[in-house]
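Chemist: Protein sequences appear in the order of chains A and B. For the first sequence, this note's numbering assigns the number 12 to the initial residue and increments by one for each residue that follows. For the second sequence, this note's numbering assigns the number 12 to the initial residue and increments by one for each residue that follows. We treat Cβ as the ideally placed atom computed from N, Cα and C, and that holds for glycine. None of these values were measured; they are calculated from a predicted model. Take this structure first; my questions come after.
There are 2 protein chains.
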Amino acid sequence: MKLVFEKNSLLSGINTVMKAVPSKTTLPILECILIDATEGEIALTANDMELAIRTVVKGRIEEPGRIAVEARFFSEMARKLPESDIVLTADESGVIQIVCDSTNFRFPGRDASEFTGLPVIEHEKYISISQFSLKETIKQTIFSIAQNENNRLMTGELFQVHENELKVTSLDGHRISIRKVKLKDVYEDEKVVIPGKTLNEISRILPGEADQEVLIFFQQNHVCFEFDQTVVVSRLIEGEYFRVDQMLSGDYETRIRINKKDLLDSIERSTLLIRENDKKPIILDIEESKMELSLNSALGSMKDELLLQKQGKDIMIGFNPRFLIEALRVIDDEEVDISFVNPKAPCYIRGEDGSYLYLILPVNFSGARA
Amino acid sequence: MKLVFEKNSLLSGINTVMKAVPSKTTLPILECILIDATEGEIALTANDMELAIRTVVKGRIEEPGRIAVEARFFSEMARKLPESDIVLTADESGVIQIVCDSTNFRFPGRDASEFTGLPVIEHEKYISISQFSLKETIKQTIFSIAQNENNRLMTGELFQVHENELKVTSLDGHRISIRKVKLKDVYEDEKVVIPGKTLNEISRILPGEADQEVLIFFQQNHVCFEFDQTVVVSRLIEGEYFRVDQMLSGDYETRIRINKKDLLDSIERSTLLIRENDKKPIILDIEESKMELSLNSALGSMKDELLLQKQGKDIMIGFNPRFLIEALRVIDDEEVDISFVNPKAPCYIRGEDGSYLYLILPVNFSGARA
């Protein structure tokens, strides 16, 4: 086996597949990258058995072959090599030699046959979406998946395709985030729950160009993302996702329109008074055309006042400030609409065009208005 | 007490004195910043009893006073406040109120009388040096102080003033770093050992302008750095520093001149093969007009070859690669001169103009040339 790489294509290929290399495992082969040059192109693959990534890197095959190599070591080496062509050879006994300019490294590889490759992908049911939209949609919903595994379904996101719309939902028991994206074509209905970890890695790998597409293929137990020269395959989370629609209501008693940045900045400042594990609510007191925000903790107290437009009743309601912050951070609008029913019912932050909906449950606090 | 600050001057003042706020202590008052507006200016001071920093911030004193405030909390708050004037008041009971735009924070301060201020500074013996030179000189020597406290003197740097020269020396038992800086004036002879921690903090605080000066005042047990609106006072390390001069020799059997960047890059690459705590030497085999570098470890092997100019004998010698790397990184010259005596004696990397000298002890390895 003898391959010649440009340093930068090799590096970017390694960085892409590294996302599927587990940091700790008892199976050393999982910490490897497979270099496969047996099919007329040079492919790098990593697979942690939940998530597998394969990418093609530019290079010249002088002698075809396959070998596995310890991923972190190979990645560090590629970074430190001189800016020159990299010649990789592997001999019969599995010893790899890297020659780059005057530098020469020798180290043992691993038998490629130990390596588990990608599951077989059927290319039947799919959608096409711009890299930019997919990356944004993940960012705008991923924060409200559950962090612990008590309920596996909550650790993933529901991807629903209906005609020319993709709807993405995440929830953790305290809040629900929903984003809708228009697609260019009409597709067959589809409904899968994709692990949060997969989506996080996808959004890190995706260059995110608006004029470049990602194809998402749906199958029985897997989902597959294809873009540029890269394929990402992930297991799905099995089970029936929560019926979210019945939790959503259009009724409200109070509805406000407020500058998003001012509201976000003020809530962020209030968190100064919160030490970790301390669960102090921020209290919003909406009266006439202003909101008074206040938070009290063992460290001190904060008050702030913001102007707003209001329809309906006055209300006083408390929230976990982090939940409001995480939703407001991913909303691009200058002003947001928030509707309330009563101090014990969720609030809804809704996009005018219906492209987003964030539902957040309030928290109890002493001194609520009747 | 009532003070009005511009956000940015307050922030930069806090950042400066924060360097003397210990991260963990059993004395809560040490984690505070003293705000003192009793002498016609607003001064912030922090003091961890080894190192004390005082800086003056711009602002308006509407009512003089002094109060101490928890440093990390105050720093975070200043960062998160809106871009507007900050009004700080403290009442008789020590409650601090911060008003900035519509935001209002209240939290308890601490009695200023608990706070230990700066030691008294005599302004007799001193030198003046450019901020840039001091910052560079520290960076170029600080890496070879000892990390553990077995020998206190090794955890500091020797500052020696002789006529119009400042000489800075550090050593850790395996290597010695010496830098000389020309001063604009002639000063009285002086010799002190300054703690490495102090020098690290000074080099972080110093803006490092070439046309701005630092005054260094020497006293019995303290050293004091004055620049811009800031004063840093540190304890000295007591005791007789090592007699370094007798360890330095001008004799050599081999002397080479080599491109610094190529040598540094090659040695840095070799460290890929070293896992922490693994003590593998890099072996330099100098023969005629080239150097072969090699390193073998459990992970693999590396070889490289560099061209050089040589005077004297061939030599094969081993070093801890980190020691070579740290010295080469802080040398600005394109080419370096290295002289050797034999494989058991230190090598010397010397500046042509005498401005620097790095001595590094070799390590034993099997297969040394006679």
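1) So the alpha helix (DSSP H) B/Val28 belongs to, where does it begin and stop?
2) Could you check whether the stretch 218-230 of chain A touches the stretch 321-333 of chain A, counting it as contact only if at least three pairs of C-beta atoms, one from each stretch, sit closer than 8 Å?
3) Rounded to the nearest angstrom, what separates B/Lys69 and B/Leu21 at their Cα positions?
4) Between B/Ser86 and B/Met12, how many whole angstroms is the CB-CB distance? I'm expecting something under 8 Å.
5) Could you tell me which chain A residues have their CB closer than 7 Å to the CB of B/Lys91, listed as they occur along the chain?
6) Using a Cβ cut-off of 8 Å, which residues of the stretch 303-323 of chain B contact any Cβ in chain A, in chain order?
7) Identify the residues that DSSP records as bridge partners of A/Ala57: which are they?
8) List the endpoints of the continuous alpha helix (DSSP H) containing A/Pro332.
9) In chain order, what residues of the same chain lie with their CB nearer than 8 Å to the CB of A/Gly365, ignoring the 5 residues before and after it?
10) From B/Pro130 to A/Ser188, what distance separates their C-alpha atoms?
11) Answer yes or no: does any C-beta atom of chain A fall closer than 8 Å to that of B/Ser87?
12) Apart from the five residues just before and just after B/Asp348, which ones in its own chain have a Cβ nearer than 6 Å to its Cβ?
13) Is there at least one Cβ from chain A nearer than 8 Å to B/Ser245's Cβ?
14) Does the distance from the CB of B/Ile44 to the CB of B/Leu55 come in under 8 Å?
15) Which chain A residues are close to B/Ser34, counting only those with a beta carbon under 7 Å from its beta carbon?
16) Considering only the beta carbon of each residue, do A/Ser181 and A/Thr148 sit closer than 8 Å?
17) Using a Cβ-Cβ distance cut-off of 8 Å, determine whether B/Asp276 contacts chain A.
18) Under a three-way DSSP split, which group does A/Met302 fall into?
19) Excluding five sequence neighbours on each side, which residues of the same chain lie with their C-beta closer than 6 Å to the C-beta of B/Cys235?
20) A/Ala356 to B/Val67, Cα distance in whole Å?
21) I need the DSSP call for A/Gln322, collapsed to helix, strand or coil.
22) Are the stretch 245-259 of chain B and the stretch 268-286 of chain B touching by the rule of at least three beta carbon pairs closer than 8 Å?
23) Distance check for A/Ala101 and A/Asn115, CA to CA, integer angstroms please.
24) Assuming B/Glu337 contacts B/Ser113 under a Cβ cut-off of 8 Å, what Cβ separation, rounded to an integer in Å, is found between them?
25) Between which two residues does the beta strand (DSSP E) containing A/Leu182 stretch?
26) Is the Cβ of B/Tyr100 closer than 8 Å to any Cβ of chain A?
27) A/Leu274 lies in the alpha helix (DSSP H); which residues open and close that run?
28) Using a 10 Å radius around the Cβ and a threshold of 16 neighbouring Cβ atoms, would you call B/Ala309 buried or exposed?
29) Mind checking the stretch 103-115 of chain A against chain B and listing, in chain order, the residues whose C-beta falls within less than 7 Å of any C-beta there?
30) Alpha carbon to alpha carbon, what distance is there between B/Lys35 and A/Thr265?
31) Could you give the DSSP three-state label for A/Pro206: helix, strand or coil?
32) Within 8 Å (strictly less), CB to CB, does A/Phe16 reach chain B?
33) Given a threshold of 16 other Cβ atoms within 10 Å of its Cβ, counted over all protein chains shown, does A/Pro218 qualify as buried or as exposed?
34) Only counting the same chain, and skipping five residues up and downstream in sequence, which positions put a Cβ closer than 7 Å to that of A/Lys271?
35) Secondary structure at B/Gln142, three-state DSSP: helix, strand or coil?
36) Skipping 5 residues on each side, what residues in its chain have a beta carbon closer than 6 Å to that of B/Met165?
Modeler: Result, derived from the coordinates:
1) Lys18 to Met29
2) no
3) 7 Å
4) Wrong, their Cβ atoms sit about 19 Å apart, outside the cutoff.
5) Glu279, Arg280 and Leu283
6) Leu310, Gly311, Ser312, Met313, Lys314, Asp315, Glu316 and Leu317
7) A/Ile64
8) Pro332 to Arg340
9) Lys191
10) 57 Å
11) It is worth fixing the name first, because residue 87 of chain B is Glu in this sequence and not Ser. So, interface residue.
12) Arg268 and Arg361
13) no
14) yes
15) The premise fails here: B/Ser34 is roughly 16 Å from chain A at the closest Cβ pair, so nothing lies under 7 Å.
16) no
17) yes
18) strand
19) Ile132, Phe228 and Val244
20) 51 Å
21) strand
22) no
23) 13 Å
24) About 51 Å; that fails the 8 Å criterion.
25) Gly167 to Leu182
26) First, the residue type needs correcting, since residue 100 of chain B is Thr and not Tyr in the sequence shown. No, B/Thr100 lies away from the interface with chain A (no Cβ there is under 8 Å from its Cβ).
27) Lys271 to Ser281
28) exposed
29) Ser113, Thr114 and Asn115
30) 48 Å
31) strand
32) no
33) exposed
34) Leu339, Ile342, Asp344, Glu345, Glu346 and Val347
35) helix
36) Ala157 and Asp183
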